[in-house]
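**Q** Mapping to full-length UniProt numbering: the sequence shown position 96 is 96, numbers consecutive.
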Amino acid sequence: MAGTPNIFKNLTSDLPSGLVVFLVALPLCLGISLASGAPLLAGVVAGVVGGLVVSMLSGSQLSVSGPAAGLTVIVLNGITKLGSFEVFLLSVAIAGVLQLLLGFFKAGIIGHYFPSSVIKGMLAAIGLILILKQIPHFLGADKDFFGEMAFWQNDGENTFSEVGYAFRHIEVGALIIGFVSLLVILFWDNVLLKRVAALKFFPSALVAVLLAIGINYLLGVYYPAWLVGTSHLVQLPEMNSLDKLSGQLRFPDFTALGNPDVYILAITIAIIASLETLLSVEAVDRMDPLKRVTPTNRELKAQGVGNFISGMLGGLPMTAVIVRSSANINAGGKTKLSAFFHGLLLLVSVLFLSSFLNQIPLSALAAVLLVVGYKLTKPYLYVNQYKLGWDQFIHFIVTVLDILFTDLLVGISIGLAIGVFFILK
1 MAGTPNIFKN LTSDLPSGLV VFLVALPLCL GISLASGAPL LAGVVAGVVG
51 GLVVSMLSGS QLSVSGPAAG LTVIVLNGIT KLGSFEVFLL SVAIAGVLQL
101 LLGFFKAGII GHYFPSSVIK GMLAAIGLIL ILKQIPHFLG ADKDFFGEMA
151 FWQNDGENTF SEVGYAFRHI EVGALIIGFV SLLVILFWDN VLLKRVAALK
201 FFPSALVAVL LAIGINYLLG VYYPAWLVGT SHLVQLPEMN SLDKLSGQLR
251 FPDFTALGNP DVYILAITIA IIASLETLLS VEAVDRMDPL KRVTPTNREL
301 KAQGVGNFIS GMLGGLPMTA VIVRSSANIN AGGKTKLSAF FHGLLLLVSV
351 LFLSSFLNQI PLSALAAVLL VVGYKLTKPY LYVNQYKLGW DQFIHFIVTV
401 LDILFTDLLV GISIGLAIGV FFILK
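1) Taking 9 Å as the CB-CB cut-off, is Ile213 touching chain C?
2) Just to confirm before moving on: does the CB-CB distance between Ala331 and Ser280 stay below 9 Å?
3) For Asn216, list the residues DSSP reports as bridge partners.
4) When the distance is taken between beta carbons, is Asp402 closer than 9 Å to Ala125?
5) Distance, Cα to Cα, Lys120 vs Ala283?
6) Identify whether Pro295 lies in helix, strand or coil by the three-state DSSP scheme.
7) Could you please give the first and the last residue of the uninterrupted beta strand (DSSP E) stretch that includes Val284?
8) In three-state DSSP terms, what is Pro136?
9) How should Pro203 be labelled, buried or exposed, when 16 other C-beta atoms within 10 angstroms of its C-beta is the threshold for buried?
10) Please check the pair Lys336 and Ser55, which I expect to be a contact at CB under 8 Å, by giving their CB distance rounded to whole angstroms.
11) Please determine if the region 333-352 and the region 92-109 are in contact, where contact requires at least 3 C-beta pairs separated by less than 8 Å.
12) Measure the beta-carbon distance from Leu123 to Leu376 and round it to whole angstroms, keeping in mind my assumption that it falls under 8 Å.
13) Cβ of Leu346 within 9 Å of Cβ of Phe22?
14) Tell me where the alpha helix (DSSP H) around Ala46 begins and ends.
15) Looking at C-alpha atoms only, which residue of Arg195, Leu89, Leu365 is the closest neighbour of Val207?
16) Between Thr296 and Gly111, which are expected to be in contact by the criterion C-beta below 8 Å, what is the C-beta distance as a whole number of angstroms?
17) Using DSSP's beta-bridge definition, name the partner residues of Val321.
18) Which one or two residues does DSSP pair with Leu233 in a beta bridge?
19) Applying the 10 Å Cβ sphere with the 16-neighbour rule, what's the burial state of Gly247?
20) I need the boundaries of the alpha helix (DSSP H) containing Gln99, first residue and last residue.
21) Verify whether the separation of the beta carbon atoms of residue 433 and Leu71 is less than 9 Å.
22) Kindly indicate which three-state DSSP category Asn158 falls into: helix, strand or coil?
23) Would Pro379 be called buried (16 or more neighbouring beta carbons within 10 Å of its own) or exposed?
24) Answer yes if the region 186-203 comes into contact with the region 158-176, meaning at least three C-beta pairs across the two stretches below 8 Å, and no otherwise.
25) Taking just the CA atoms, how far does Phe8 sit from Leu353?
26) Assuming residue 511 contacts Val118 under a Cβ cut-off of 8 Å, what Cβ separation, rounded to an integer in Å, is found between them?
27) What's the call for Ile129, buried or exposed, on a 16-neighbour Cβ count within 10 Å?
28) Do Asp288 and Ile329 have their C-beta atoms within less than 9 Å of each other?
29) What does DSSP give as the partner residue(s) for Val152 in the beta ladder?
30) DSSP on Ser338, reduced to helix/strand/coil?
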């Protein structure tokens with residue numbers, strides 16, 4: 001692909017950014033599994049496959065694939081309707097085959113017709129949602145899972161009422177850790193890196209996370225009442241060996257091949273996962289400093305292979321995901337090696353590092369995502385859209401509000417419908 005750098009020439013950028021993406025992706029994988037009613041390991045499997053397999057097959061240099069919050073309702077309802085997780089896995093594997101066929105039939109061309117204002121509105125909305133959804137985790141009063149993106153939550157709260165609840169139930173230890181982590185990230189990225197170039201090998205997110213673990217340890221020793229408890233820490237299943245990991249994997253139930261509901265769900269997953277992927281890679285291409293263009297048909301094929309393997313190994317369905325991808329770009333990722341490295345770290349973490357990673361406070365990771373969210377929805381973005389004229393601004397702001405008050409897929413659908421209206425007007 002023209003303009004694509006040799007991946008090994010950018011190790012000093014890609015390895016640190018891969019580490020940052022890993023720190024962001026790990027709790028998202030676990031949270032999405034929990035919300036989907038699936039085994040915790042299922043989200044990690046999807047993240048590993050997305051990192052190790054999809055990244056290498058994809059033509060995108062910066063997108064990162066993994067389980068998507070936008071599919072949680074489909075997954076939860078699918079498992080319930082089919083009666084078992086193993087039958088659901090069969091649908092995921094078949095969905096992968098269907099995506100592969102969509103790629104061969106060049107359905108990826110759809111991605112080139114998404115209006116610019118919809119893409120920008122989607123990015124801005126995701127930024128706002130990230131900020132609002134991370135505030136409860138930042139304050140240590142989170143009730144909902146880490147990685148939730150929908151306005152209405154499974155616990156009966158919505159995005160705004162959850163924030164209100166969090167401010168009424170602040171955990172002092174989590175707030176201290178979150179605040180210190182946020183200050184470290186901002187100071188590291190905006191001051192220290194400009195003065196000491198060698199520090200670019202140490203991502204600010206890693207520094208913040210290590211410091212957060214240390215602070216929580218000291219709180220436990222000197223101020224036990226402020227100690228951040230297990231429910232507000234990363235909760236990775238402890239495997240500690242390849243044999244134990246393989247024993248925990250779930251596999252498709254092929255006896256359900258005659259069940260028509262399996263195919264209906266597979267078609268649903270294939271279509272929605274493909275649309276979300278096309279939207280994501282289009283958005284990532286716009287954020288790419290080098291302005292590289294992702295071959296969308298190749299992306300559908302890569303996602304198809306990834307979903308087939310994920311389904312066969314007990315994983316959730318995956319898409320290219322904006323949150324992980326934007327974290328990758330913001331951390332300085334240059335090539336697909338960063339996504340591959342994040343997948344490798346996910347695998348290693350499950351096998352060998354679960355005890356250590358389970359000490360990470362979620363408030364520290366929330367600080368990382370607060371910064372990612374702000375960079376997606378900076379005020380100048382709204383000003384620039386306003387300067388383009390009312391047609392562009394209304395289209396943009398309606399997309400933002402629709403996504404904020406519903407979810408990604410519903411909001412995008414409304415945004416696209418409005419785009420068609422303006423074209424035909």
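For every residue, glycine included, the Cβ atom is placed at its ideal position computed from N, Cα and C. Just so we're clear, the structure is a prediction, and the values are computed from it rather than from any experiment.
**A** Reading off the structure:
1) The displayed structure is made up of one protein chain only, and chain C is not part of it.
2) For Ala331 and Ser280, no; Cβs fall outside 9 Å.
3) When DSSP reads this structure, Asn216 sits in no beta bridge, so it has no partner.
4) In this structure, Asp402 lies closer than 9 Å to Ala125 by Cβ.
5) Looking at the two C-alpha atoms, the distance is approximately 8 Å.
6) Coil at Pro295, not helix or strand.
7) Here Val284 belongs to no beta strand (DSSP E); instead the alpha helix (DSSP H) covers 260-287.
8) Here Pro136 sits in helix by DSSP.
9) Burial call: buried.
10) Right, their Cβ atoms sit about 5 Å apart.
11) With a cut-off of 8 Å, the region 92-109 and the region 333-352 do not count as touching, because too few Cβ pairs lie within range.
12) The Cβ separation is near 5 Å, so the contact holds.
13) Their beta carbons are under 9 Å apart, which means Leu346 touches Phe22 by this criterion.
14) Residues 40-49.
15) Ranking the options by Cα distance to Val207, first place goes to Leu365.
16) Between Gly111 and Thr296 the Cβ distance is about 4 Å, and since that is below 8 Å, they are a contact.
17) By DSSP's assignment, Val321 forms a beta bridge with Val64.
18) Secondary-structure assignment with DSSP links Leu233 through a beta bridge to Pro361.
19) Classification for Gly247: exposed.
20) 85-104 is the extent of the alpha helix (DSSP H) around Gln99.
21) This structure leaves residue 433 out entirely; the chain is present only between 1 and 425.
22) Here Asn158 sits in strand by DSSP.
23) Answer is exposed; the Cβ neighbour count stays below 16.
24) Of all C-beta pairs linking the region 158-176 to the region 186-203, fewer than three are shorter than 8 Å, placing the two stretches out of contact.
25) Straight-line Cα distance between these residues: approximately 26 Å.
26) Lying before the first or after the last residue shown, residue 511 is absent from the chain, which here runs from 1 to 425.
27) Ile129 comes out buried.
28) Yes. Within cutoff.
29) Per the sequence shown, the amino acid found at residue 152 is Trp instead of Val. The partner list for Trp152 (beta bridge, DSSP) reads Asn158.
30) When secondary structure is reduced to three states using DSSP, Ser338 falls in the helix class.
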